[in-house]
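Asker: After the structure tokens below, expect a handful of questions from me.
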Amino acid sequence: MSERPSSSNDRPRWLTSAELETWHAFTLMLYKLPTALEAQLQQDARLSLVEYYVLAGLSDQLEHRMRMSELAVLANSELSRLSHLISRLEKRGFVRREPDPANGRYTHAILTDAGYAHLVEAAPAHVARVRELVYDALDPAELHGLRTAAEKIVRRIDHTGQVPCPPGGRGVENQPQRDARQAAATQGPDA
231 MSERPSSSND RPRWLTSAEL ETWHAFTLML YKLPTALEAQ LQQDARLSLV
281 EYYVLAGLSD QLEHRMRMSE LAVLANSELS RLSHLISRLE KRGFVRREPD
331 PANGRYTHAI LTDAGYAHLV EAAPAHVARV RELVYDALDP AELHGLRTAA
381 EKIVRRIDHT GQVPCPPGGR GVENQPQRDA RQAAATQGPD A
């Protein structure tokens with residue numbers, strides 16, 4: 231990532247009081263909403279939010295299958311992290327992997343009948359929780375504004391060319407946090 235050279239005219243564009251209040255409310259929602267949704271999914275379906283999202287993503291595909299690399303993009307996850315998640319779902323019988331019949335260099339994740347049945351069973355309570363926390367809290371104009379704002383922010387993130395963070399993943403971190411994360415990653419999942 232290239233950085234702009236600093237000059238004496240470069241000054242931080244600090245947030246105004248109103249912008250700071252908006253930012254605090256927004257970031258609080260970013261932290262609390264996934265936690266609330268995950269709690270419901272864990273309690274009712276023993277699924278994490280990203281596991282549910284992966285199963286739902288597969289269910290939307292023709293033949294309920296998708297290349298792992300494409301699924302990683304959909305799940306906003308690194309391929310290695312997604313591979314661990316798929317392994318957990320395989321152990322539960324919800325997905326299986328097989329080589330891509332068109333190109334054996336790729337692997338498909340495939341939603342099994344058991345995975346689809348589990349998703350169908352989990353969906354009503356999840357949708358009810360989403361409706362309770364988001365849709366019932368906002369009027370139609372606010373929902374339209376939320377969608378518009380979310381789309382604009384995602385386009386801006388995509389336009390920067392930077393790789394987005396995985397769900398529940400890394401945001402802004404300092405060097406000690408980054409070092410600790412990298413050390414944990416090299417020790418493996420069982421360390």
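Take 231 as the starting number for the sequence shown in our numbering and just add one per residue.
Ideal Cβ positions, reconstructed from N, Cα and C, are used throughout, including at glycine.
#1: Could you please give me the residues that DSSP links to residue 340 through a beta bridge?
#2: Alpha helix (DSSP H) containing residue 385: first to last residue?
#3: Evaluate contact between the region 341-349 and the region 285-299, counting only Cβ atoms and requiring at least three cross-stretch pairs below 8 Å.
#4: For residue 356, which residues in the same chain have their Cβ closer than 8 Å to its Cβ, ignoring the five residues on either side in sequence?
#5: How would you label residue 307, buried or exposed, when you count the other beta carbons within 10 angstroms and need 16 or more for buried?
#6: Report yes if the C-beta distance between residue 279 and residue 264 is below 7 Å; otherwise report no.
#7: With a cut-off of 8 Å on the beta carbons, I'd call residue 320 and residue 311 a contact; round off their distance for me.
#8: Measure the alpha-carbon distance for residue 288 versus residue 347 and round it to whole angstroms.
#9: How many Å lie between residue 373 and residue 345 at the Cα?
#10: What would DSSP say about residue 290, mapped onto helix, strand or coil?
#11: Leaving aside the five residues before and after residue 323 along the sequence, list all residues of the same chain whose C-beta is less than 8 Å from its C-beta, in chain order.
#12: Cα separation between residue 246 and residue 365?
Answerer: According to the structure data:
#1: 295, 326
#2: 370-390
#3: yes
#4: 267, 270, 271, 274, 275, 282
#5: buried
#6: yes
#7: Wrong, their Cβ atoms sit about 15 Å apart, outside the cutoff.
#8: 13 Å
#9: 31 Å
#10: coil
#11: 342, 344, 345
#12: 29 Å
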